[in-house]
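The next block holds one structure in the form of structure tokens; read it before the comments.
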Amino acid sequence: MTKHMQTKIVPSQKMLLFAAAVCAALFTFGQNADANRIPMPPVATPLGMQVTATSSPNLLGTVIPGLLGNGGQAARDALMTNNLRPMVLGAHSGPNPGSAAHPFYSRSLNAFNPLPAATTTNAVIASGLSGGTGNVAIDLSKYGTYQYLVAAYDGPNGGVAVWDIAGLTGTITIFGFAHPEIVGPLHLRTGNLLGANSGQYRITGWTLLNQTSPPSVPDGGATVMLLGAALGALGVARRYLLRA
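Heads up: the sequence shown begins at 0 in numbering that gives the first Met the number 0, then just goes up one per residue.
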């Protein structure tokens, strides 16, 4: 006795509908996955720290050496930022050379508007960086965007740079090392901090002040829902074809 296998022929139109459903489901899921993919950080030139002549872009000013204490890192950095804000463009303030109690403030030639008062609300601080090497990258996608970035180099020997980073996104790079530019027999400070990726003096910490927008969080829940909907659509299409 010969057994004959029964083969169900699926009409070509229904096969096309099934293929279209598969493609649509995969495209929908793929689009959402691409939207939530974390981009690779770009290679960036470190922010400059020159206040004289042509001031470095985004630089608000420098403080040499930086203040110590004053209620913790965020409060100290907010205080130095607020001391720089009202200064005349290109002006200097304080003894030269300065001290940790009475530092030498230098305002860049960059005009920024607005320059809101620096506060510690939602501040992000990084400390204990003195043992590292190389430059420092700050990924704003983790923290959100901010008005000010403050970087401190080796307390009593180095200095502090303050930048207005409003509008900057992605990854910001700052020098891992910096030392004050010194001129003349009296060892006066010009206000410039000379950055490098090695040498003297190592960065000890940085602070983000005045959050302007929170970090964007990938919507994992939406991805799961879309995947479920896509699989459900495929199941319906499969049952429809089997009934043909």
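Note that beta-carbon positions come from the ideal geometry of N, C-alpha and C, so glycine has one too. Remember, it's a predicted structure, so these values are computed and weren't measured experimentally.
Inside the stretch 132–185, DSSP marks whole beta strand (DSSP E) runs of 3 or more residues at positions 135–138, 144–152, 158–163, 170–173, 176–182, from first to last along the chain. In this chain, Ala-195 is not harboured by any alpha helix (DSSP H); it is covered by the beta strand (DSSP E) spanning 187–195. Contact annotation, Pro-102 with Val-62: C-beta distance approximately 5 Å; criterion of less than 8 Å satisfied. Residue burial annotation: Asp-138 is exposed, with fewer than 16 other C-beta atoms found within 10 angstroms of its C-beta. Sequence-distant Cβ neighbours of Pro-155 in its own chain, meaning closer than 7 Å and more than five residues away, are Pro-64, Ala-99. The DSSP-derived three-state label of Arg-106 is strand. If you compare the alpha carbons of Ser-92, Pro-96, Ala-177 with that of Pro-184, the shortest gap goes to Pro-96.
The beta-carbon distance between Trp-205 and Ile-173, rounded to whole angstroms, is 7 Å. This is short enough to meet the 8 Å contact definition. Under the three-state reduction of DSSP output, Asn-81 falls in the helix class. In the structure shown, the three-state DSSP call for Ala-43 is coil. Comparing alpha-carbon positions, the option among Ser-92, Gly-131, Ala-122, Arg-84 lying closest to Phe-111 turns out to be Arg-84. With respect to the 8 Å criterion, Ile-164 and Tyr-152 are not classified as neighbours on the basis of their beta carbons.
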